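Okay, structure first, notes after.
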Amino acid sequence: MDFSSPFDASFSVATAVAVAIPLLYVLGVRYLDLYSSGSIVWLSACLAWGWFALDLARPINDAILARLQDGGNSYAVALAHLSRWYAPAIEEPSKALILVGLVLLPAFTYSVDGAVYGFAAGSGFAILENLLYIARASGDDLALAVSRVGSTALMHAAATGIVGLALGWAKTHRGWQRIVVVPISLAVAYGLHSTFNAVANRPVPSLAPLIAIGAGSAVVLAGAIILALRRERAWMRKNLNASLGVTKGEAAAVVELSDIERVLAPFKVHFGQKRTTQAVELLKLQAQIGVRAHSARDGSGRAVRSSEEQIAELHKQVHALRRSLGVAAMIWLRTALPPEATKSMYDRLLVTEAGGGGGIWDRLGSQMSAPETGPGMSV
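Numbered according to this note's numbering, the sequence shown terminates at residue 456, and the numbering increases by one at each position without gaps.
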């Protein structure tokens, strides 16, 4: 492509913004998973699935739009009905479909994993939708891209993150609540998406409320993740003990991973950066043992067996790291980390914000090209 013209340069920058910012949101949300139990491979797969989910939803949306027009509605009215009522019902389950299969796998450990994977799937969906709108624009591409990553991308990501959080909760609990929590989360995601599209399609749309919905939903999701971490921290206090091969000193550091640089500062002075990195990895593995020990105790069926197998594998990795650290470093970790030397991880945990388009995207900065009713229409 020739980037000599201002339009081409603007398109290039807009495309970079539309892709890079949602990816940064994903990294920010993954940062909240202090115990790093999620798999990078599956995180990437969820991003790719979100891209595919839009292609899955678009022909269904197009067919519904055609039926609405056949019923005597004008194109504008049919599109408004599709955007408000039908598209969210198609797109939210499409984005979350990969999570339904992923929840059965060892990579899906607990509710925070679900939130991170769901956020990634929603972000993949939003990235492709952003690119489609930018490709159809005929004016200020950069303004359009910035507007969408500040609102629509956050909404899509947070909505699917909520569903993932519920799936993770259901995996680690018993009783009737685990049956209803996922449908409730889908209803919440649908309501969020539908409300967003209704605001976007108002006769005189405003960007401010859309940013408020997108950013607000991402902040709510981040808050839910922090509450989930609080619960996992309680699990660890209960489960990390001598029966799992974890001393009180190690357990004290495990539950304070957000403040681990301060906690391990004296260790770094004595043993250097390499062993400090190994020590952090050791503590994260022990944190994962604590989470999975809860699943093995309170889960059911396949989840229990899977957790027990994962705990055994994690123990192998822990033993290997202990041998690599050496006797002196392990003695320090086991004896020199009194619980009173740590402070609550929530004192320093920073919330990183992360989140269909509608009529406002046809008005931002420039007028879009004439909409089509065939393949390629996105809501």
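Ideal placement from N, C-alpha and C gives every residue a C-beta, glycine not left out.
Predicted model, so just to flag it, every value in this text is computed and none were measured.
task = Decide yes or no for the touch test of the segment 280-294 against the segment 214-231: beta carbon pairs closer than 8 Å, at least 3 of them.
result = yes
For LEU145, the first and last residue of its enclosing alpha helix (DSSP H) = 117-147
task = Please name the residue in VAL381, LEU304, LEU410 whose C-alpha comes closest to that of ARG352.
result = LEU410
request  = Report yes or no: do three or more beta-carbon pairs, one from the segment 116-126 and one from the segment 195-207, lie closer than 8 Å?
outcome  = yes
inquiry  = Please return the same chain residues whose Cβ sits closer than 8 Å to the Cβ of ARG161, not counting the five positions on each side in sequence.
reply    = SER271, ASN274, ALA275, ASN278
key: Secondary structure of GLY433, DSSP reduced to three states   = With a pLDDT of 42 at GLY433, under the threshold of 50, the modelled position of that residue is not reliable, and the figure given next carries that caveat. Note: GLY433 maps to coil in three-state DSSP.
request  = Report back the beta-carbon spacing between LEU304 and PHE202 to the nearest angstrom; my notes put them in contact at under 8 Å.
outcome  = Contact flag wrong, Cβ pair sits at about 25 Å.
message = Quick test of your reading: ARG369 and ILE388, contact by CB under 8 Å. State the CB separation rounded to the nearest angstrom.
response = ARG369 to ILE388, Cβ: 5 Å. Contact.
ask   = If you count every other CB in all the chains shown that lies within 10 Å of the CB of ILE239, and 16 or more means buried, which is it?
value = buried
Anticipated Cβ contact below 8 Å, GLU169 with ALA299, distance rounded = Actually they are not in contact, since the Cβ atoms of GLU169 and ALA299 sit about 20 Å apart, beyond 8 Å.
ask   = Mapping DSSP to helix, strand and coil, what is GLY227?
value = coil
task = Could you tell me whether the Cβ atoms of ASP190 and ASP110 are closer together than 8 Å?
result = yes
message = Under DSSP, the alpha helix (DSSP H) around ARG213 begins and ends at which residues?
response = 188-213
query = Looking at C-beta atoms only, is the number of pairs between the segment 243-252 and the segment 129-145 that lie closer than 8 Å three or more?
reply = no
inquiry  = Pairs of beta-carbons, one from the segment 345-360 and one from the segment 167-184, closer than 8 Å: are there three or more?
reply    = Result no; under three Cβ-Cβ pairs closer than 8 Å.
query = CA-CA distance, ALA250 and ALA91?
reply = Sequence check: residue 250 is His here, not Ala. Distance between the alpha carbons of HIS250 and ALA91: 44 Å.
query = Apart from the five residues just before and just after VAL259, which ones in its own chain have a Cβ nearer than 8 Å to its Cβ?
reply = VAL240, ALA243, LEU244, ALA247
query = Roughly how many angstroms lie between the CA atoms of ILE175 and LEU104, to the nearest whole one?
reply = 19 Å
query = The alpha helix (DSSP H) spanning LEU410 covers which residue range?
reply = Per DSSP, LEU410 belongs to the alpha helix (DSSP H) from 404-412.
Nearest-angstrom Cβ-Cβ length linking ILE211 and ALA222, presumed shorter than 8 Å = 6 Å
key: Where the alpha helix (DSSP H) through VAL257 begins and ends   = The continuous alpha helix (DSSP H) containing VAL257 extends over residues 254-277.
task = Using alpha carbons as the reference points, say which of GLY252, GLU206, GLU309, ALA364 lies closest to PRO99.
result = Cα-wise, what sits closest to PRO99 is GLU206.
query = When we look at the beta-carbon of ALA93 and count the other beta-carbons within 10 Å, is it buried (16 or more) or exposed?
reply = The residue is exposed, with fewer than 16 neighbouring Cβ atoms inside 10 Å.
task = Could you please give the first and the last residue of the uninterrupted alpha helix (DSSP H) stretch that includes VAL180?
result = VAL180 -> no alpha helix (DSSP H), and no H or E assigned at all.
key: Buried or exposed (CB count within 10 angstroms, at least 16 for buried), ARG135   = ARG135 counts as buried, since no fewer than 16 other beta carbons sit within 10 angstroms of its beta carbon.
ask   = Nearest to ARG307 by alpha carbon, out of ARG213, LYS393, ALA364?
value = ALA364
key: Whole-angstrom distance between ARG255 and TYR152, CA atom to CA atom   = If you draw a straight line from the Cα of TYR152 to the Cα of ARG255, it is about 42 Å long.
query = The alpha helix (DSSP H) with ARG339 in it runs from where to where?
reply = Where ARG339 is concerned, the enclosing alpha helix (DSSP H) stretches over 337-340.
ask   = Considering only C-alpha positions, which residue in the set GLU386, GLU385, ARG382, THR354 is nearest to LEU398?
value = Of GLU386, GLU385, ARG382, THR354, the residue nearest in Cα terms is THR354.
inquiry  = Using a Cβ-Cβ cutoff of less than 8 Å, which residues in the same chain neighbour PRO183 once the five nearest sequence positions on both sides are dropped?
reply    = SER383, GLU386, GLN387
Helix, strand or coil at LYS420 according to DSSP, with G and I counted as helix = Confidence at LYS420 is low in this model, with a pLDDT of 39, below 50, so its placement is unreliable and the value that follows should be read with caution. Three-state DSSP puts LYS420 in coil, outside helix and strand.
Helix, strand or coil at ASP110 according to DSSP, with G and I counted as helix = coil
ask   = When the Cα of VAL296 is compared with those of TRP253, ALA236, ILE167, which residue comes out closest?
value = VAL296 has its Cα closest to that of ALA236, out of TRP253, ALA236, ILE167.
message = For SER87 and VAL193, I'd like the C-alpha separation in whole angstroms.
response = 31 Å
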